[in-house]
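I have placed the structure first, in the form of structure tokens, so that the comments after it can refer back to it.
Numbering (our numbering), first residue to last: 196 to 286.
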């Protein structure tokens, strides 16, 4: 269990809004929709994140297709793709 001083420290720490990463760029949702994230410490909102919709999914799929077709992804050695996926999974 966290002590009260640590809870206050965590509560006071700023948390930037989380945006999508599509085609290597951080961006908000196409329609600007955001979701509040509620802290389990105190039940209060502490940040927001981009709420993806159909347009965001389509943009992400199109970007992935381009990266595959132009060789940025498909041209990587399997070990390099593995390293990218493991790094992403660790986020």
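Backbone N, C-alpha and C define an ideal beta-carbon position, used for all residues, glycine too.
Does the beta-carbon of residue i have 16 or more other beta-carbons within 10 angstroms, so that it is buried, or is it exposed?
| i | result |
| --- | --- |
| residue 200 | exposed |
| residue 251 | buried |
| residue 233 | exposed |
What is the DSSP secondary structure of residue i, reduced to helix, strand or coil?
| i | result |
| --- | --- |
| residue 240 | strand |
| residue 230 | strand |
| residue 216 | strand |
| residue 245 | strand |
With a threshold of 8 Å on Cβ separation, who are the neighbours of residue i within its own chain once the five nearest residues in sequence on each side are excluded?
| i | result |
| --- | --- |
| residue 281 | none |
| residue 217 | 251, 254, 255 and 258 |
Starting from the C-beta of residue i, find all residues in its chain whose C-beta is less than 7 Å away, skip the five residues before and the five after it, and write them out in chain order.
| i | result |
| --- | --- |
| residue 214 | 221, 222, 223 and 245 |
Thinking C-alpha only, which one of the options is nearest residue i?
| i | options | result |
| --- | --- | --- |
| residue 249 | 202, 262, 204 and 226 | 226 |
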